[in-house]
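When the sequence shown is numbered by my numbering, its final residue is 1587 and no position is left out of the sequence of numbers.
For glycine and all other residues, C-beta sits at the position ideal for the given N, C-alpha and C.
Notes to accompany the following structure.
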Amino acid sequence: MNKVDYKSPIGIIEITGTEEAIYEVSYTEKQQVEYAYSDSLPQTLKDCYKQLDEYFNEERLEFNLPFKLEGTPFQQEVWQALRQIPYGETGSYRDIAISIKRDKAVRAVGSANSKNKISIIFPCHRIIGTSGKLTGYAGGLWRKEWLLEHEKRIMNK
1431 MNKVDYKSPI GIIEITGTEE AIYEVSYTEK QQVEYAYSDS LPQTLKDCYK
1481 QLDEYFNEER LEFNLPFKLE GTPFQQEVWQ ALRQIPYGET GSYRDIAISI
1531 KRDKAVRAVG SANSKNKISI IFPCHRIIGT SGKLTGYAGG LWRKEWLLEH
1581 EKRIMNK
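The following block contains the structure:
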């Protein structure tokens, strides 16, 4: 497994993967880059790094990368449904449960969402409470708020 750190406006993001796929994109509390970018990185990590850079520089609305999602079939179904929430928009656990035709599985959807290891790209930050308020986010609510505002700003240009 290879790693590279991407220094974003919301902290250092660690990308983990192989030649074949990205396995994880996660927030860290690092103060400085530990895994530096290099030309010897697998192309998948270079592509992920570049696409994150484009996202934060307001040049990318969608990600196009190979992933390896490790989870139950239900979790994978939820994570794929997250990708259907359009850039700049939000949804709720209930919306996801309905979209995967499991209307009563709202809590299970929340649990699966919390286990998403590919932050930003599988946009769990776009999930808010049915009341419209921000709900928990593994990366911290401040990051969630930043990401939502970032996307809203781009959509309003």
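In the assembly as shown, residue 1571 is an exposed residue. Its beta-carbon has fewer than 16 other beta-carbons within 10 Å.
DSSP places residue 1474 in the uninterrupted alpha helix (DSSP H) bounded by 1473–1486. In the structure shown, residue 1564 falls within a strand segment according to DSSP collapsed to helix, strand and coil. By the beta-carbon neighbour count (other beta carbons within 10 angstroms, threshold 16), residue 1543 is buried. For the options 1440, 1515, 1449 and 1452, the alpha carbon positioned closest to that of residue 1461 is the one of 1440. Contact between residue 1479 and residue 1434 holds: their C-beta atoms lie close to 6 angstroms from each other, under 8 angstroms.
With a 10 Å radius around the Cβ and a threshold of 16 neighbouring Cβ atoms, residue 1562 comes out exposed. Rounded to the nearest angstrom, the gap between the Cα atoms of residue 1554 and residue 1537 is 15 angstroms.
Listed as beta-bridge partners of residue 1436 by DSSP are 1443. With respect to the 8 angstroms criterion, residue 1456 and residue 1541 are not classified as neighbours on the basis of their beta carbons. Only exposed fits residue 1487, as fewer than 16 other CB atoms lie within 10 angstroms of its CB.
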